[in-house]
Every structure is written in structure tokens, then in C-alpha cells.
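First to last, the protein sequences are chains A and B. Numbered according to the working numbering, the first sequence terminates at residue 681, and the numbering increases by one at each position without gaps. Numbered according to the working numbering, the second sequence terminates at residue 654, and the numbering increases by one at each position without gaps.
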Amino acid sequence: MDLSQFFIMRHEVLLLAVIILILLMEIFVGKANRKAIIPVSIGLFLLSTLAGFLPAESGQLFGDMYRTNGLIVSMKNILNIGVLIVMLLSAEWLRKEENLDKVSEYYLIMLSTLVGMFYMISSGDFLMFYLGLELASIPMAALAAYDKFRNSSAEAGIKFIFSSALSSGVLLYGLSMIYASTGSIYFTEVAAHMGEQPLQVLGFIFFLAGMGFKISLVPFHFWTADVYEGAPISVTSYLSVISKGAAIFIFSIVLFSVFPMLEPLWQELLYVLAILTMTLANLFAVRQNNIKRFLAFSSIAQAGFILLGIMGGPHLGLTTVVYFILVYVFTNLGAFGVAISISDKTGKENINDYNGLYKTNPMLSLTMMLALFSLAGIPPVAGFFGKFFLFTSAASKGYYILVLIAVLNATISLYYYLRVVKAMFIEKSDHPIAPFRSSLSTRMALALCVAGTFAVGFISWIYEYLYDMTYLLFIF
Amino acid sequence: MDFLYTIWIPLIPFLLFLLIGLTGMYFKPIVSGIVGTVGLGVITLLSFITAYQYFFVDGMVDGVYQKIVAGSYTWLAFTDTLHIDMGVMLDPIAVMMLLVVSIVSFMVHIYSLGYMKGEKGFSRFYAFLSLFTFSMLGLVVATNIFQMYIFWELVGVSSFLLIGFYYDKPSAVAASKKAFIVTRFADFGFLVGLLLLSYITGTFDFKTLTSPEGIETIRGAGLTFMGASAVTWAMLLIFMGGAGKSAMFPLHIWLPDAMEGPTPVSALIHAATMVVAGVYLVARLFPVFIMVTPESLNVIAYIGGFTSLFAAVIACTQFDIKRVLAFSTLSQIGYMMLALGVSGYGEHGLGFTASMFHLSTHAMFKALLFLGAGAIIHAVHSNYMYEMGGLRKYLPITHLTFLIACLTIAGVPPLSGFWSKDEILAAAWHHDKLLFFIEFAVAGLTAFYMFRLYFSVFWGKETHYHHTPHESPLTMTIPLMLLAVASIFAGFIPFGEFVSSDGIPHHGEIHMNIAVPSVAIGLLGILVALLMYRRETTVPDRIAKALGGFYRTVYHKFYIDEVYLFVTKKIIFNLISRPVAWFDRHLVDGTMNKVAWVVEFSSYRTRQLQSGQLQHYAVFFVAGVLVLVLTFAYFLF
């Protein structure tokens with residue numbers, strides 16, 4: 206292995222460099238200049254994001270523990286874009302007096318989890334996969350408890366770490382069964398020795414349950430709402446978009462590359478989980494009043510829709526899922542961005558508080574409306590195409606009843622998304638949120654989200670590019 | 018030299034529409050009027066140049082007037098042959114219509130400068146006029162039946178907009194809706210017909226459709242439906258669209274009501290141009306009609322003949338001068354349809370030529386009549402002839418031009434109406450004696466009701482006017498005079514030399530055996546009107562009384578409107594719409610409301626699962642894993 210091969214891990218290496226630089230800043234920047242850490246960190250991360258788009262090679266390292274290819278690079282780039290938006294959105298919140306002391310902490314923890322996610326996505330064996338997974342989860346608990354003097358934030362951290370420990374335990378147990386029955390932890394070898402022995406099936410179901418926790422599939426989702434509500438809202442947006450996206454990426458990669466033998470089994474499992482997840486999450490979401498809880502359940506429901514995409518088989522499945530996550534990054538962060546901005550300025554986080562928002566803050570209302578329309582899948586915004594491709598993917602395998610149920614659920618979801626729109630545009634309020642001007646970074650982030658929400662839907666080569674990437678992946 | 022410049026003829030009014038419609042409110046209203054009028058002047062000039070070049074320079078090859086495609090753009094391509102184009106096609110009838118439409122539209126533009134002066138929405142009026150002119154010209158030069166259909170709907174829309182121009186007047190709104198719905202209903206037939214025709218032939222293109230090869234393909238199509246061939250059905254459905262636009266019985270009910278629009282609009286749209294679109298459509302597809310389904314031409318002839326008689330009878334009893342003219346229009350369009358229906362092809366194509374001839378002369382004198390009526394209404398502020406009388410002293414120019422128009426429509430030689438009507442009667446005589454006698458009677462009726470109108474308005478007893486009526490301004494009288502000149506001399510054009518069913522010039526001649534009796538019956542009609550209405554007498558009332566029930570039936574236009582109302586309100590609304598509405602409200606909405614309720618209820622229940630206790634969550638998690646394992650690992654494998 207020489208140095209040039211080392212740079213196959215460009216995304217991870219750059220990210221580590223950013224982390225080290227932020228750590229150095231933390232040590233050397235005096236108390237008076239702490240605010241400067243924010244733009245510098247964002248700038249550094251922007252550079253590493255841009256560098257991620259440079260042409261990349263496929264290959265493997267460390268005896269196939271680490272692998273990368275065009276599709277994986279695209280996944281990492283999507284996550285990078287998402288994290289960049291989250292960083293922009295949280296800048297205003299970090300600038301507050303009580304957070305200034307621990308600004309760099311926020312960045313360090315967040316970027317560490319991102320490193321974990323990158324290694325997880327790139328993993329070529331279950332050891333690397335598990336290390337990445339834990340690196341992505343454990344610091345997350347600290348992030349959820351970032352407002353450590355606020356009870357609900359601390360509670361969120363504790364709930365997260367305990368649930369996470371339980372799920373990791375189950376997952377690890379499953380992996381050990383798989384190791385026991387196949388004699389290897391390398392993806393390629395496991396795939397070669399995988400059969401339908403009871404122990405293997407049991408191990409697989411445990412693995413699936415553990416991943417179901419990360420993606421928050423019903424019935425492994427219970428932690429989601431409480432943690433999302435308790436955590437600071439920027440962290441919630443990170444959890445619901447970035448860590449969920451990363452988990453879905455690796456989940457679909459593992460399903461197609463390690464467990465193709467069990468495809469009949471997991472198709473049926475996903476069938477059931479998809480219906481449960483979409484339906485129950487929608488039923489929960491209908492009655493939520495807290496915007497964070499509302500978005501939490503909406504993101505659970507979206508995970509149910511994503512399962513439909515996975516069911517379309519390796520080629521179509523991976524393409525539609527990656528495309529959907531790209532759309533989801535822009536739209537969900539758009540919705541979160543508006544909520545973050547309002548929460549920062551007024552501390553209000555209930556849907557009722559949004560009554561009459563259009564009168565006072567028209568731009569924010571329009572952005573929110575656009576994001577919600579995209580989440581609900583209304584044309585012509587990108588969310589429509591994302592959902593459309595997911596449904597096409599499931600329909601290509603003949604799951605028409607499942608698609609029908611998904612469409613019914615999409616209709617229910619339209620109801621609660623429109624509830625927020627109605628609050629903003631139609632409801633009157635005696636004490637509407639006063640007009641305010643968001644900070645430059647927030648506005649940049651929202652503009653990025655709006656642009657993405659339109660562009661991803663209209664620029665057809667994005668989908669075609671992903672399609673080609675997945676195609677290359679499966680021809681060998 | 019090619020004809021590419023002709024694409025500007027429809028394009029200019031479209032640009033004018035955009036210009037006036039989008040920027041009109043920023044200028045004084047008169048600016049919109051002048052811009053529109055000047056634009057129309059340019060179009061008229063272009064039309065004359067086109068006509069000259071087509072008829073005298075480039076149009077004829079080997080003694081036959083060709084169909085020339087001046088410019089075309091493929092808009093939607095379905096197959097190699099089936100594609101929708103947007104383009105300009107010139108042939109004798111298209112060029113003739115270009116002239117008619119642009120001249121009348123130009124006159125109406127000038128006239129409206131005076132007539133509409135000071136009206137609210139003056140520039141909106143000119144924007145709509147431009148839109149209409151664009152649509153009508155696009156229709157006329159259409160290269161294919163689908164383009165024609167698109168512009169066909171556009172003229173429908175502009176007509177709707179202009180009838181409802183006084184949108185704060187309930188009767189105008191009702192009339193515009195009625196016109197739109199009735200013609201739209203007919204257009205549905207047109208659409209189905211043209212789709213059927215294109216399905217049979219695989220093309221929309223007029224040139225292909227009417228070429229000998231095209232005719233052969235259509236003939237070869239063996240589909241039949243209910244005893245008639247599919248082609249016959251297609252052509253009759255297409256004719257249904259034409260009948261709606263041209264207000265043929267029983268789809269005529271919208272035209273009299275359409276008189277709610279401003280009078281210049283009535284002159285342009287509901288007398289001279291749009292309402293003859295149906296005639297134009299039949300003429301456009303005439304080779305298909307005559308070669309493939311001559312039996313449908315019989316239907317057309319009888320519908321035309323019946324409408325002309327029916328409308329002429331009603332016209333004798335109406336008192337609103339615009340309505341008299343509207344029914345007269347119906348009657349005259351009936352003539353044109355009949356002439357197409359009785360026509361043969363080529364050597365025997367007298368009816369075709371006569372129909373087109375009458376279309377152009379009628380456009381001139383009927384526009385003149387309407388514009389004259391506008392001047393009268395402008396002067397006395399009433400539509401009813403019993404509130405007029407003795408106006409010849411006050412409105413000398415209007416009086417003279419109106420008299421000329423009345424003589425023209427009555428068929429008095431040597432005015433233009435005489436020549437075209439004579440040809441139609443001759444064509445009818447050779448084809449079907451019954452139709453001839455109907456038209457012969459209508460000729461008498463026409464002279465009678467027109468002079469009834471003329472004498473009641475300009476002679477008779479003078480009503481007491483609130484203020485002395487005065488002659489209209491020059492902007493209004495100049496178009497009257499120009500149109501009067503056209504009405505007098507248009508008949509001397511050797512029409513058969515230019516327009517014929519097969520493009521080969523035919524020499525026209527006067528048919529003395531028909532001309533003499535028809536002039537005689539026209540004069541008789543005038544004489545009767547003179548005796549009854551020259552001075553105020555009780556004769557008309559006594560005749561009306563003597564006719565009793567028949568008179569009332571005619572006066573109420575044979576209660577056709579009431580029949581329609583009965584059918585729509587009583588039968589369709591009560592028997593179909595109400596049950597459907599009930600079904601929708603109770604079953605469809607009810608089901609949806611129940612579903613919503615179930616969702617709401619189960620949402621309430623499931624929310625209680627989320628207790629906030631971490632222990633519960635762990636139990637659910639483990640239970641979930643166990644259920645999955647039991648279900649999938651042990652029962653299914």
C-alpha cells in the first residue's frame with residue numbers, strides 16, 4: 206500500500222484533517238475570538254466538501270476492509286452537502302452566549318460521527334461496519350445531550366444511548382451468529398457461504414432489527430420521537446437526515462451485496478415493515494403539535510417509503526434510494542431550517558405558533574410550504590420525483606398492493622403536511638410571530654435547500670448519473 | 018416569389034393582442050384603438066397583396082389553382098404521416114376569406130373608435146378584437162384540421178369574451194355563457210369527428226385529405242357503424258361542429274342572444290366572419306364530402322334550407338333590430354349551407370362557388386347592416402323599432418347606406434346580393450326542386466322583413482325623442498360608406514373565375530329563368546312591407562291578431578329555447594345531475610369522511626403507545642424482534 210492508495214480514502218482523510226484543525230483552534234483561539242471558530246469551521250468543511258467532488262478512483266484498502274466506488278463517493282458527497290447545510294443552519298444557534306464555550310465541541314462531535322458514517326458506508330467487512338456504526342452512534346448521544354442543563358436534552362441523550370446500546374447488542378449478536386455459521390466476517394465471503402440455515406436466518410433478522418433501530422422502522426422506532434423532541438433542534442435535523450441517510454445507504458448496500466441469497470426472506474420482511482412503518486408513523490404524525498415531533502414522525506414515515514425503493518432489486522433499488530435521500534436532504538433540511546430559524550428567534554416550536562406566519566414572514570412560510578410539498582410528493586418539486594421513483598421501483602417487482610397502500614399513506618401524509626401550511630397561510634392569530642430577519646448563514650442554507658428542491662427534480666442527469674453508477678457496480 | 022410573408026397575417030394581430038393586452042392600461046385608451054386599427058390596416062394591405070399575387074401571379078399552375086403551403090412548422094409528431102403542424106396554407110377560399118376577414122375587421126376597428134368612445138374597458142375591447150382577428154385568420158389559413166380545431170376553439174373563446182364584454186350586465190353574462198356552452202357542445206362533435214377521420218386516414222393534413230389519393234384511402238376504409246360508414250359518421254360529426262359555430266337549427270339558439278355584445282362585435286363576429294366558419298369548414302372538406310359521402314351533403318342541404326326558412330319566419334315578428342338582423346344572418350347562412358349541400362364537383366360545382374360568393378357578399382352587406390344598426394342605436398339609445406321612426410331626416414348617411422344594404426340583401430339587381438343569391442337558387446333548382454321553392458319563399462320573406470325594419474325605423478310615425486338624434490361621427494360613417502360601395506360592386510367580380518370546388522376556373526352566367534321570378538318575389542316583399550309600414554297603420558296588428566296562436570309561436574321563436582330549458586333543467590338536472598350529486602355527497606364524501614374518522618381515531622389510540630418510558634421501548638423492541646423471528650424464521654422457513 207503506498208500513499209496514492211491511501212488517498213482513496215480522501216473523504217475520511219480530509220474530514221480528519223478538518224477535525225484536527227478545529228481541535229487546534231479550540232486550544233489556541235482565545236476567549237474573545239471564539240465566534241470566529243464558526244465561520245472558519247464552516248469554511249474548512251466547505252473545502253473538504255468541494256474536494257469530495259473531484260474525480261475519485263474505485264478500489265479497496267486494508268485487505269478489503271475498506272472499499273470505495275463511484276456510488277459510495279456519491280453517497281458521501283450527498284451526506285457532505287447535508288452536513289454543510291446543517292452547519293450553516295446551526296451557526297446562529299451556536300453564536301448564542303450559552304453555547305459559545307462549547308462551539309468546537311459541537312463541530313468535533315458532529316464531524317466524528319460523520320467520519321464513522323463514512324467508514325461504515327465504505328466498509329468491506331462486518332468489523333469495519335460495526336466500528337463505523339458505533340463511531341456514528343456513541344458521540345451522537347453527547348450531541349443529543351448538548352444542552353446539558355436542559356432536562357429534556359439530557360433525557361434525550363440518555364434515552365438514545367440506552368436504546369442504542371440495546372440495538373447494538375442485538376445487532377452484534379446477529380453478526381456473531383452469521384460469523385459462526387459462515388466462518389468469516391468479510392462481505393464477499395459471507396455472501397458466498399450464506400444459506401438458509403436457521404442460525405443464519407436468525408442472525409440476519411437480528412442484524413435487520415439493529416439496522417431497523419438506526420433507520421427507525423416500526424417497531425424499532427420508539428426512541429425517535431423522544432430523542433428528536435428533546436435534542437436541540439439542529440441536532441434533530443442532523444439525526445433525522447444525515448445519520449438516517451447514512452444508515453439507509455449501508456443497509457441497502459449490505460442487503461444487496463451480503464444477503465442476496467436471502468432476498469426472498471428480506472423482501473417479505475421489508476414488505477411487512479414498510480406497511481407497519483408508513484401506516485403507524487402517519488397515524489402518529491397526524492396528532493402531533495410539536496414541530497420537532499411532527500417532523501420526527503414524518504421522517505419515520507419517509508423511511509417506510511424508502512423501503513419500497515429497496516424492494517426493487519439491486520439496480521433500480523439502489524438508484525432510487527440514493528436519489529430519494531438526495532431529495533430528502535434538501536427538503537427535510539428546508540423544513541427543519543425554517544423551524545430552526547423560528548426556534549432560534551422566538552423559542553417557539555409548536556405548530557399553533559405558526560398561525561398567521563405568512564403575514565409576518567412570507568419568505569420563511571413559502572420555503573416551509575415548498576419543503577412540505579416536496580415531502581408530501583406534490584409535483585413539480587423534487588419530492589414528487591423521489592417518491593415516484595420509489596413507487597416505480599417497488600412496482601417493477603410486482604408489489605402493486607404495497608404501492609397502493611403507500612399511495613394511501615402518502616394521501617394521509619398530505620393531510621398533516623397541509624395542516625402546517627394551513628396554519629401558516631390561513632389561520633389567523635392574535636399574536637403571530639413577529640417579522641424578523643434571519644442571519645446570513647441561515648438564509649444561505651435555506652436558499653440552498655430551495656434551489657436543491659427544484660434542481661434535483663428538474664436536472665435529469667442526476668438520476669441518470671446515479672443509475673449508471675449503480676449499473677457499473679453490479680456488472681461484475 | 019414565395020408566400021412566406023403571409024405568416025405575418027395571423028401573427029401581427031397576435032402581437033397586437035399581446036401588446037394592447039399587456040401594456041394597454043399604461044396609455045390613454047385611444048392609443049390602443051389607434052395601434053390596433055393601424056395594425057389591421059397593415060394586415061388588410063398584406064391580404065390584398067396576397068390575393069393579387071395568388072390569383073394573378075403565382076397561384077395557378079396548369080390552369081388549376083393550387084393549394085400552396087406558405088410556411089409550416091411541425092408542432093407535434095405522432096407518426097410519420099400523423100403530425101400536427103402550425104402553418105399557413107393558401108388556396109382560393111383561404112385567400113378569399115383572408116380578404117373578407119381583414120376588410121370587415123378593419124372596418125369594425127375604425128368604426129369602434131367612434132362607437133366605443135368613452136366606454137370603460139376601451140383598450141380591453143381592442144385587445145379582444147385583435148385576439149379574435151388572430152384566431153379567425155389562423156383558422157382560415159390552417160394547413161390541417163387540427164390546427165383549424167385549435168383556432169376554432171380560440172374564436173369561440175374570443176367570441177365568449179366579446180359577448181360578455183359588458184360583464185356587469187347579467188343578460189350579457191348569460192348570453193356569453195350560452196354561446197360558449199352551445200358551441201362547445203357542438204365542438205365536441207367536431208373533435209370526435211376529426212379524431213375519427215384522422216384514425217381512418219392517418220393524417221390531419223388538408224392537402225393530403227383532399228387529394229385524389231387521400232380520397233381513395235378514405236373510400237377504402239370499410240368500417241361501418243349503425244348502418245352508415247364510419248367516414249359518414251366522422252363527416253357528420255365534423256359538420257356538427259360547423260353547425261354549432263354557424264348556428265344551424267337546432268344549435269342556433271345562442272346567436273340571437275349573442276347580440277348582447279357591443280354592436281361592432283355583432284357585425285364582425287356574429288354576422289360576417291365567425292359564424293360562417295362552419296360554412297368554411299364544410300367547404301374546406303368539400304372534396305371529401307362529395308366524393309366519399311354524398312349522402313351527408315343531403316343532410317347539410319336540408320338543415321341549411323330548413324334553418325333559412327325557419328329563421329326568416331321568426332325575423333318577420335321580432336322588434337329588436339339587432340335580433341331581426343341576427344335571424345336574418347341565420348337565414349343567410351342557411352342559404353350558404355344549402356348551396357354547399359346541393360353542389361356537385363368540378364363542372365357541376367355551381368353551388369360551391371355560389372356559397373362562397375354569397376359568403377363574401379353577405380359579409381359586406383350584413384356588416385354594413387349591423388354597423389348601420391349600431392349607428393341608429395347610438396343615436397336613439399334603444400334597440401326597439403317601435404321606439405324609432407322617421408329617422409331618415411336625422412341620419413342621412415346611415416339612412417342611405419342602410420337602404421343600399423336592404424336592397425342588396427333583398428336581391429335587387431345589380432347589387433351584389435342579387436348575383437350571389439341567383440347562383441344559389443340556380444344550383445338548388447338543378448339539384449332538388451323542393452329546396453328551390455323553400456329558398457324562393459325565403460327570398461320573398463327576406464325582402465319583407467328587411468323592409469319592415471327599414472320602414473319602421475326610417476319612415477313611419479316619428480317617436481318623441483328625448484333629444485334630437487344626430488348623425489354619427491366620421492369614424493363611424495366612413496366604414497358605412499366603404500362597405501356600401503363594396504356591397505354595390507362586389508357582385509361584379511367574376512367569382513367563378515377564382516373560386517371553384519376543384520380549383521379550375523369556371524365561367525359563370527346569369528340564369529334569366531330564375532333571376533326574373535326571384536327579383537319579382539323580392540320586389541313583392543318590399544311592396545308588402547311598404548304598404549304595411551310606410552305609414553303607421555293598424556294592418557300589422559290586425560294581421561298578427563288574425564294569425565293568433567301561430568303568430569305568438571313564431572314571436573317566441575317556436576319555443577325552442579323553452580324546449581332546451583325544459584330538457585336541461587327538468588330532465589338533465591333533475592333526473593341525472595341530482596342523483597349524481599346525491600351519490601357524490603352521501604356515498605363518496607361519506608366514505609371519505611368515515612375513512613378520515615377511522616384514521617383520526619386510530620391515531621388517537623396509537624399515540625398512547627408512546628409512553629415516554631424507556632423500559633417500554635425496550636420491551637417493544639425485543640418483542641418486535643421476537644415476533645419477526647417467530648414469523649419468518651420458524652413459520653415460513
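Quick reminder that beta carbons are idealized off the backbone N, C-alpha and C, glycines included. These numbers come from a predicted model, not from an experiment.
Original post:
Taking the Cβ atom as the reference point for each residue, do A/L293 and A/T647 lie within a distance shorter than 8 Å?
Top reply: Within the first sequence, residue 293 of chain A is the residue found at index 88, counting from 1. Within the first sequence, residue 647 of chain A is the residue found at index 442, counting from 1. Contact: yes.
**OP:** Go through its chain and collect everything with a Cβ distance to B/L548's Cβ below 6 Å, but skip five positions before and after it.
**Re:** Against the second sequence, residue 548 of chain B aligns to sequence position 531. Apart from sequence neighbours up to five positions away, no residue of its chain approaches B/L548 with a beta-carbon distance below 6 Å.
**OP:** Would you tell me roughly how many angstroms separate the C-alpha atoms of A/L474 and B/F649, rounded to the nearest one?
**Re:** Here residue 474 of chain A corresponds to residue number 269 of the first sequence, with the count starting at 1. Here residue 649 of chain B corresponds to residue number 632 of the second sequence, with the count starting at 1. Those two C-alpha atoms are separated by around 8 Å.
**OP:** Count the other C-beta atoms from every protein chain shown that fall within 10 angstroms of the C-beta of B/P413, then say buried if there are 16 or more, exposed otherwise.
**Re:** By one-based count along the second sequence, residue 413 of chain B stands at place 396. It is exposed - the Cβ of B/P413 has fewer than 16 other Cβ atoms within 10 Å.
Original post:
Closest Cβ-Cβ distance between B/T623 and chain A: below 8 Å?
Top reply: The residue given as residue 623 of chain B occupies position 606 in the second sequence. At least one chain A Cβ lies under 8 Å of B/T623.
Original post:
Leaving out five residues before and five after B/I26 in sequence, what residues of the same chain have Cβ atoms less than 6 Å from its Cβ?
Top reply: In the second sequence, the residue the question calls residue 26 of chain B occupies position 9. I60, L63, L154, listed in sequence order.
Original post:
Out of curiosity, what's the CA-to-CA distance linking B/W599 and B/V615?
Top reply: Numbered from its first residue, the second sequence carries residue 599 of chain B at position 582. Numbered from its first residue, the second sequence carries residue 615 of chain B at position 598. So the alpha carbons of these two residues sit roughly 23 Å apart.
Subject >> Coil, strand or helix - A/Q265 by DSSP >> reply: Here residue 265 of chain A refers to the residue found at position 60 of the first sequence. If DSSP states are grouped into helix, strand and coil, A/Q265 belongs with the strands.
Subject >> Test: A/L460 CB closer than 8 Å to a CB of chain B >> reply: Translated into the one-based positions of the first sequence, residue 460 of chain A becomes position 255. For A/L460, the answer is no, since every Cβ of chain B falls outside 8 Å of its Cβ.
Original post:
Taking the continuous beta strand (DSSP E) assigned at B/I85, which residues delimit it?
Top reply: In the second sequence, residue 85 of chain B corresponds to position 68, counting from 1. That run of the beta strand (DSSP E) goes 85-94.
Subject >> Min CB distance A/L221 to chain B below 8 Å >> reply: By 1-based counting over the first sequence, the position of residue 221 of chain A is 16. For A/L221, no Cβ of chain B is located within less than 8 Å of the residue's own Cβ.
**OP:** Thinking B/F670 and B/A422 are a contact (beta carbons under 8 Å), I'd like their distance in whole angstroms, please.
**Re:** This structure does not reach residue 670 of chain B, given that chain B is present from 18 up to 654, and the question cannot be answered.
Subject >> Between the CA atoms of A/V532 and A/F681 - distance to the nearest angstrom >> reply: Along the first sequence, one-based indexing puts residue 681 of chain A at 476. Along the first sequence, one-based indexing puts residue 532 of chain A at 327. A caution first: A/F681 carries a pLDDT of 42, below 50, which makes its placement in the model unreliable, though a value can still be read off. Roughly 29 Å between the two C-alpha positions.
Original post:
Name the DSSP bridge partner or partners of A/Y391?
Top reply: Position 186 of the first sequence, counted from the first residue, corresponds to residue 391 of chain A. DSSP output for A/Y391 lists A/D330 as bridge partner(s).
Subject >> Alpha-carbon spacing of A/I213 relative to A/Y271, whole angstroms >> reply: In the first sequence, counting from the first residue as 1, residue 213 of chain A sits at position 8. In the first sequence, counting from the first residue as 1, residue 271 of chain A sits at position 66. Between A/I213 and A/Y271, the C-alpha separation is close to 10 Å.
Subject >> Validate contact between the stretch 263-274 of chain B and the stretch 224-233 of chain B using beta carbons, cut 8 Å, 3 pairs >> reply: A contact is defined here as three or more CB-CB pairs under 8 Å, and the stretch 263-274 of chain B fails this definition with respect to the stretch 224-233 of chain B.
**OP:** Could you tell me how far apart the beta carbons of A/V406 and A/L470 are, in whole angstroms, since I believe they sit closer than 8 Å?
**Re:** To locate residue 406 of chain A, count along the first sequence from 1; it is residue 201. To locate residue 470 of chain A, count along the first sequence from 1; it is residue 265. A/V406 to A/L470, Cβ: 7 Å. Contact.
Original post:
What is the DSSP secondary structure of A/F681, reduced to helix, strand or coil?
Top reply: The count along the first sequence starts at 1 and reaches residue 681 of chain A at position 476. Because A/F681 sits at a pLDDT of 42, beneath the cut-off of 50, its placement in the model cannot be relied upon, and the following sentence gives the value as read from the coordinates. Residue state, collapsed to three classes: coil.
Original post:
For B/L541, which residues of its own chain have a beta-carbon under 7 Å away from its beta-carbon, when the five flanking residues on both sides are left out?
Top reply: Taking the second sequence and counting its residues from 1, the one referred to as residue 541 of chain B is at position 524. Excluding residues within five positions, the ones whose Cβ falls inside 7 Å are G461.
Original post:
Are the Cβ atoms of B/I320 and B/L314 separated by less than 8 Å?
Top reply: Reading the second sequence from its first residue, position 303 is the one you call residue 320 of chain B. Reading the second sequence from its first residue, position 297 is the one you call residue 314 of chain B. For the pair B/I320 and B/L314, the CB atoms are not nearer than the 8 Å cut-off.
Subject >> Buried/exposed call for A/S665, threshold 16 Cβ in 10 Å >> reply: The sequence position of residue 665 of chain A within the first sequence is 460, counting from 1. Exposed.
Subject >> Spatially closest choice to B/D75 from B/K339, B/T554, B/F20, by CA coordinates >> reply: Sequence index remark: in the second sequence, residue 75 of chain B carries index 58 (1-based). Nearest to B/D75 by C-alpha distance, out of B/K339, B/T554, B/F20, is B/F20.
**OP:** Anything in chain B within Cβ reach of A/I410, meaning under 9 Å, just list it in chain order.
**Re:** Taking the first residue of the first sequence as 1, we reach residue 410 of chain A at position 205. Using a Cβ-Cβ cut-off of 9 Å, A/I410 is close to V642, L645, V646, F649, A650 of chain B, given in chain order.
Subject >> Extent of the continuous beta strand (DSSP E) to which B/H100 belongs >> reply: The residue given as residue 100 of chain B occupies position 83 in the second sequence. Its beta strand (DSSP E) spans residues 100-107.
Original post:
Under the rule that 16 or more other beta-carbon atoms within 10 Å means buried, what is B/S188, buried or exposed?
Top reply: Within the second sequence, the letter at position 171 stands for residue 188 of chain B. Label assigned to B/S188: exposed.
Subject >> Beta-bridge partners of A/R272, as assigned by DSSP >> reply: In the first sequence, counting from the first residue as 1, residue 272 of chain A sits at position 67. BP columns for A/R272 point to A/Q265.
Original post:
Looking only at its own chain, which residues have a Cβ that is under 7 Å from the Cβ of A/F502, when we skip the five neighbours before and after it?
Top reply: Indexing the first sequence from 1 puts residue 502 of chain A at position 297. If you ignore the 5 residues before and after A/F502, its C-beta comes within less than 7 Å of the C-beta of A430, A486, F489, A490, Q493, all in its own chain and listed in chain order.
Original post:
Can the beta-carbon of A/M280 be found less than 8 Å from the beta-carbon of A/S448?
Top reply: The count along the first sequence starts at 1 and reaches residue 280 of chain A at position 75. The count along the first sequence starts at 1 and reaches residue 448 of chain A at position 243. Contact flag unset, no.
**OP:** Give a yes or no on contact between the stretch 616-632 of chain A and the stretch 551-571 of chain A, applying the rule of three or more CB pairs nearer than 8 Å.
**Re:** Yes, the stretch 616-632 of chain A is in contact with the stretch 551-571 of chain A.
**OP:** Return the CA-CA distance between B/G407 and B/Q164, expressed in angstroms with no decimal places.
**Re:** Here residue 407 of chain B refers to the residue found at position 390 when the second sequence is read from its first residue. Here residue 164 of chain B refers to the residue found at position 147 when the second sequence is read from its first residue. Taking the straight line from one Cα to the other gives about 49 Å.
Subject >> A/D431: contacting residues in chain B (beta-carbon distance under 9 Å) >> reply: Sequence index remark: in the first sequence, residue 431 of chain A carries index 226 (1-based). Q627, G629, L631, Y634, listed in chain order.
Subject >> Under 7 Å (Cβ pairs) to chain B, residues found in the stretch 350-371 of chain A >> reply: Those would be K364, F367, S368, L371, in chain order.
**OP:** Report yes or no: is there a C-beta of chain E within less than 8 Å of the C-beta of B/V605?
**Re:** Of the chains in the structure shown, none is chain E; the protein chains are A and B.
Subject >> Contact check, B/A384 vs B/A288, beta carbons under 8 Å >> reply: Numbered from its first residue, the second sequence carries residue 384 of chain B at position 367. Numbered from its first residue, the second sequence carries residue 288 of chain B at position 271. Going by C-beta atoms, B/A384 is nearer than 8 Å to B/A288.
**OP:** Report the rounded CA-to-CA distance for A/P244 versus A/S263, giving the unit in angstroms.
**Re:** Locating residue 244 of chain A in the first sequence gives position 39, counting from the first residue. Locating residue 263 of chain A in the first sequence gives position 58, counting from the first residue. Whole-angstrom Cα-Cα distance: 33 Å.
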